[in-house]
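**Student:**
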Amino acid sequence: MSYYTKAKFFTSAPDIRHLKDDSGIEVAFAGRSNAGKSSALNTLTRQKNLARTSKTPGRTQLINVFNLEEDRRLVDLPGYGFAQVPLAMKNKWQQALGEYLQKRKSLKGLVVLMDIRHPFKDLDQDLIHWAVDSNIPVLALLTKSDKLKSGKRKAQLLMAQEAALAFMGDVTVNTFSSLNRQGLPELEKVLNKWLALDEISPDAE
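No gaps in the numbering here: position 82 of the sequence shown is 68 in my numbering, and each next residue is one more.
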């Protein structure tokens, strides 16, 4: 049984000031609104509706916190890069993201989800630069890997790994599919390290 099945919804907040106690360890998930972030969280936790998926990108406008244990959390950050919301709202959410990455002391790792066919767009890069500047390790997770055949998938991964070197920080790249769970053990391994779970859950399912 995976440790991550323990995840339970705890709270939602519009910005960092409304989040609870900044102690313990948390790992955050961020990505463009169509990157498959909610699906990845649901796959990780083996729960169909923990993170709500929406057919309208950009529907998740809040920071959503899921408790694993009292001192360990997964955090679902607002999606970004969507077209159908006012510019002022986009700017507000981007500010909230930057503020969270720069000021949240309990944040120990950031998963940036990107469609494997369109990695490292401008806002993805901004987010990773913010994290690197704050000395937060990053996992760039190339989602929807099932959309590409094996050869193309490997080529995209190699290209993305090379691109990640330019950030000059602790940035690793993996592929992932919510559909067939490709990359799930690798994702869990990274999260286990960040959450200091290796002694509890040394192996993925």
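Every residue, glycine too, gets a C-beta built ideally from N, C-alpha and C. In this text, all values refer to a predicted model and were calculated from it rather than measured experimentally.
Counting only the same chain and skipping the five closest in sequence on each side, list residues whose C-beta sits under 6 Å from that of D132.
**Tutor:** As a first step, residue 132 must be located in the sequence shown, where it is residue number 146. Correct list, in chain order: S163, L165, N166.
**Student:** If I'm right that D1 touches E85 with Cβ under 8 Å, what's the distance once you round it to whole angstroms?
**Tutor:** For the purposes of this step, residue 1 is taken as the residue at position 15 of the sequence shown. For the purposes of this step, residue 85 is taken as the residue at position 99 of the sequence shown. The Cβ separation is near 7 Å, so the contact holds.
**Student:** With a cut-off of 8 Å on the beta carbons, I'd call L113 and A26 a contact; round off their distance for me.
**Tutor:** In the sequence shown, counting from the first residue as 1, residue 113 sits at position 127. In the sequence shown, counting from the first residue as 1, residue 26 sits at position 40. No, L113 and A26 are not in contact; Cβ-Cβ is about 16 Å, not under 8 Å.
**Student:** May I have the straight-line CA-CA distance separating L60 from A(-7), to the nearest angstrom?
**Tutor:** Counting from 1 along the sequence shown, the entry for residue 60 is found at position 74. Counting from 1 along the sequence shown, the entry for residue -7 is found at position 7. Using only the alpha carbons, I get a separation of about 8 Å.
**Student:** Give me the DSSP bridge partner(s) of F162.
**Tutor:** Translated into positions along the sequence shown, residue 162 becomes position 176. In DSSP, F162 forms no bridge with anything.
**Student:** Is L30 closer than 8 Å to L127 when the C-beta atoms are compared?
**Tutor:** Within the sequence shown, the letter at position 141 stands for residue 127. Within the sequence shown, the letter at position 44 stands for residue 30. In this structure, L30 does not lie closer than 8 Å to L127 by Cβ.
**Student:** Assuming K94 contacts V176 under a Cβ cut-off of 8 Å, what Cβ separation, rounded to an integer in Å, is found between them?
**Tutor:** As a working mapping, residue 94 is identified with position 108 in the sequence shown. As a working mapping, residue 176 is identified with position 190 in the sequence shown. With 8 Å as the limit, K94 and V176 do not qualify as a contact, their Cβ atoms being about 11 Å apart.
**Student:** Exposed or buried, N35, counting other C-beta atoms within 10 Å across all chains shown (16 or more means buried)?
**Tutor:** Your numbering for residue 35 matches position 49 in the sequence shown. By the 10 Å Cβ count, N35 comes out exposed.
**Student:** Rounding to the nearest angstrom, what Cα-Cα distance links D189 and A182 in this structure?
**Tutor:** Taking the first residue of the sequence shown as position 1, residue 189 is located at position 203. Taking the first residue of the sequence shown as position 1, residue 182 is located at position 196. Note that D189 scores a pLDDT of 46, beneath 50, so its modelled location is shaky and nothing firm can be said.
**Student:** Taking only three categories from DSSP, how would you classify I2?
**Tutor:** Taking the sequence shown and counting its residues from 1, one reaches residue 2 at position 16. If DSSP states are grouped into helix, strand and coil, I2 belongs with the helices.
**Student:** I'd like the list of long-range same chain contacts for T158, defined as Cβ closer than 6 Å, with 5 residues on each side in sequence excluded.
**Tutor:** By 1-based counting over the sequence shown, the position of residue 158 is 172. Closer than 6 Å at Cβ, skipping near neighbours: L125.
**Student:** Would the region 132 to 148 and the region 99 to 116 be scored as touching if the rule is three or more Cβ pairs under 8 Å?
**Tutor:** Because the criterion of three Cβ pairs below 8 Å is met, the region 132 to 148 and the region 99 to 116 touch.
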